[in-house]
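Numbering (the working numbering), first residue to last: 1027 to 1805. Just so you know, even glycine gets a beta-carbon here, dropped at the ideal spot from N, CA and C. Since we're looking at a predicted model, the values are computed, not measured.
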């Protein structure tokens, strides 16, 4: 199609008899050195920053680790770090499991640790799993250490340094270099990754600067919009003309509400929200996936990235960081964010350091006489407990030695430690005390009634625990415009699956929300709706201003709903779906992306194309269970149950610790009426995935139905300790206990169900029957 377009274009030119009109000059990357003449102080600050040292060629000046024949042993593998011919090497186990010498090509990072990149065939750079602790020796540093000390990793494991999950080209490269082009060739399965600057330079944030140089040197040829933006695609002007005035309570208020410059930003072509500064930072300082590396897209966050919400496993239900999530989603839920604080209000963007030391940076807005005083912090002045960040930005350690502060800037809530199991800043320091002590201490200071900004916590915690009324609580957060947008999106996401009509109606309303994260989460909810509802609710989003929302809307419509699209909607649908496919192909080296394309083809009834994508996914990572399960399902749909079993058995040989693979194989064996073999797999599934209550439930049902009711009850009781509100588990347990004449225990479990579903008449009748049995067991 592209070659046809080019042919038509040149035929048209010949017909017109004239040369093509010169296109507008596109800005080019020119390197940080080009900035130094006019911006010397900023350049010098950057040269000393972690950004400037994010990635460097390995040499005597950049390598911090001990390569003087240093030895490091883990399990059966002893790695030796040494030098040869002026280069740096490590002798360790390679892709085939055998020991070999590998050259260190690049350094990665500076402090508190430094990693090293090794080149493998196909243009791959891989991050070695033993890192150098670059902290001083008196802080425990100056040593080699393993980044995965609890895991035994061998070649073939995705997390082994040679594996797919340690691939620099995908995992790391974008955030450690400037103008990165991954250049993955799916046909050859090779990379030709390039950059304009090896580290994070000026243009990584500001964008290509050639037109800015034209503006600075008054070369002419700039459009009015370019002149207004000084030759850049956008200007970091959120702080321009802004002042912060102290109020009587000692907290400053922004002179301009956030968003006041929004229309001006759009006028100069930025097509970005009023949060443009933080969104440029979020490209690297957020837990997110990426679907484009075009400079224009990457400066418009939602045209290139899909950020994670406050999802279970990544965050605690009160929004505290849990997994390695970086800063964006934490900051986005904070009161500071709501008040209009930007990243550079606290951090110098060129040096990366705080603008002021310690509590002084907070004192820019929070009067020291009120807040930097024992009457507020209740700790000796100058002690660690008197530091604002200790209480309001507690740390979590990642990568073994890297303590990172939580940017949600929250009030300590030890009461939530008791009610929902979340950590609190008090007990991170006072490890010899418990949360009850901390609650009492805060009450003694008169702080027990201060809830903080994270008013969504109880709703998310209720949902994560399958609690009664979770749906209503989540809907309340999603509709509440006073809640942070990321919290509203997180509540919406927890309502996906098979939502009730009122939830679908709410999601349809929220497709009109201002924030792209809310609109995208609404799409996820509506993806489960009937075709007519999806058509009505999602077709307007095919024209959304952000690529993320457009492509997700198109993906949700793909399938039965697309057949009813009007001609006016079909063109934007196809365009947005092309964006979705291009976004997946941007990460075509990943099994998740190829499986996503497989799922798209399944939704559209294209089994052969789906099968090819799932097979490609497994080719990329033989341990990727979802692709194997989908391939087996396609075989089953085609009537080849033996083929499905073979696919799953092969996948289990490559990934024997997968609970979902064991479960899928068990279902295949049950369909083949090989129940004893299926029971073995169901037991494995329940053991390997202990948090999967449904797997335990199915195993228990199979045990009960094959004559082992006591064992079934044992399995269900064990599952209930992990998911105490799981309806399936409670229902089966009550039924089996009643059959075993254990009426008291059965009644307790039915009463738990009644609390979860108080309007269920069947449960109420069951409860009455059990009460009667306790009174007259013989009846």
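Could you tell me the distance, in whole angstroms, from the CA atom of residue 1589 to the CA atom of residue 1583? 9 angstroms
Tell me whether residue 1662 sits in a helix, a strand or coil according to DSSP, three-state version. helix
What residues in its chain sit with their C-beta under 7 angstroms from that of residue 1014, if we drop five residues either side in the sequence? For the chain, the structure presents residues 1027 to 1805; residue 1014 sits outside this window and is missing.
Distance, Cα to Cα, residue 1409 vs residue 1458? 18 angstroms
Less than 9 angstroms between the beta carbons of residue 1477 and residue 1461, yes or no? no
Neighbourhood of residue 1230 by C-beta distance below 7 angstroms, restricted to the same chain and skipping five residues each side: These residues qualify, in order along the chain: 1204.
Who are the near neighbours of residue 1221 in its chain, counting only those whose CB is closer than 7 angstroms to its CB and skipping five residues on each side? 1203, 1204, 1205, 1206
Using the C-alpha atoms, what's the distance from residue 1609 back to residue 1568? Using only the alpha carbons, I get a separation of about 15 angstroms.
As an exercise, report each continuous beta strand (DSSP E) stretch of at least 3 residues that is fully enclosed by the segment 1728-1776, in chain order. none
Check whether the Cβ atoms of residue 1526 and residue 1514 sit closer than 9 angstroms, and answer yes or no. no
I need the straight-line Cα distance from residue 1721 to residue 1692, nearest angstrom please. 10 angstroms
Below 8 angstroms on the Cβ atoms is my guess for residue 1757 versus residue 1729; work out the distance and round it to an integer in Å. Their Cβ separation, rounded to whole angstroms, is 16 angstroms, which puts residue 1757 and residue 1729 out of contact at 8 angstroms.
Measure the alpha-carbon distance for residue 1447 versus residue 1224 and round it to whole angstroms. Rounded to whole angstroms, the gap between the alpha carbons of residue 1447 and residue 1224 is 43 angstroms.
Straight-line CA distance for residue 1464 to residue 1452? Residue 1464 and residue 1452 have their C-alpha atoms some 6 angstroms from each other.
Around the Cβ of residue 1661, are there at least 16 other Cβ atoms within 10 angstroms (buried) or fewer (exposed)? Per the 10 Å Cβ criterion, buried.
Output needed for residue 1471: all residues of its chain with C-beta closer than 7 angstroms, excluding positions within five of it in sequence on either side, in chain order. Once the five neighbours on either side are set aside, the close Cβ partners of residue 1471 are 1404.
With DSSP run on the structure shown, which of helix, strand or coil describes residue 1125? strand
Under DSSP, the beta strand (DSSP E) around residue 984 begins and ends at which residues? Lying outside 1027 to 1805, the shown extent of the chain, residue 984 is not represented and no answer is given.
Evaluate residue 1273 with the Cβ neighbour count: other Cβ atoms within 10 Å of its Cβ, from every protein chain shown; 16 or more gives buried, anything less gives exposed. Counting the other Cβ atoms within 10 Å of the Cβ of residue 1273 gives fewer than 16, which makes it exposed.
Is it true that the segment 1248-1265 meets the segment 1378-1389, where meeting means three or more beta-carbon pairs spaced less than 8 angstroms apart? no
Cβ-based burial, residue 1333 [other Cβ within 10 Å; buried from 16]: Its Cβ being crowded by 16 or more others within 10 Å, residue 1333 is buried.
Applying the criterion that 16 or more other CB atoms from any shown protein chain within 10 Å of the CB defines a buried residue, is residue 1281 buried or exposed? exposed
Looking at residue 1417 and residue 1310, is the spacing between their C-beta atoms short of 9 angstroms? no
Within the same chain, show all residues whose beta-carbon is closer than 6 angstroms to that of residue 1715, passing over the 5 residues directly before and after it, in chain order. 1685, 1721
Could you give the DSSP three-state label for residue 1159: helix, strand or coil? strand
Per DSSP, the bridge partner or partners of residue 1069: Beta-bridge pairing links residue 1069 to no other residue.
Rounded to the nearest angstrom, what separates residue 1622 and residue 1639 at their Cα positions? 8 angstroms
According to DSSP, is residue 1544 part of a helix, a strand, or is it coil? helix
Between 1370, 1374, 1539, 1360, which lies nearest to residue 1483 when the distance is taken from Cα to Cα? 1360
Could you check the C-alpha separation between residue 1530 and residue 1536 for me, to the nearest Å? 10 angstroms
Bridge partners for residue 1271 per DSSP, in chain order? 1279
Between which two residues does the alpha helix (DSSP H) holding residue 1706 run? 1701-1714
Assuming the contact rule is C-beta atoms closer than 8 angstroms, residue 1587 and residue 1560 should be a hit. Round their C-beta distance to whole Å, please. 4 angstroms
By DSSP, does residue 1686 sit in helix, in strand, or in coil? helix
Between 1523, 1479, 1075, which has its C-alpha nearest residue 1512's C-alpha? 1479
Supposed close pair residue 1315, residue 1331 - CB separation, criterion 8 angstroms: 7 angstroms
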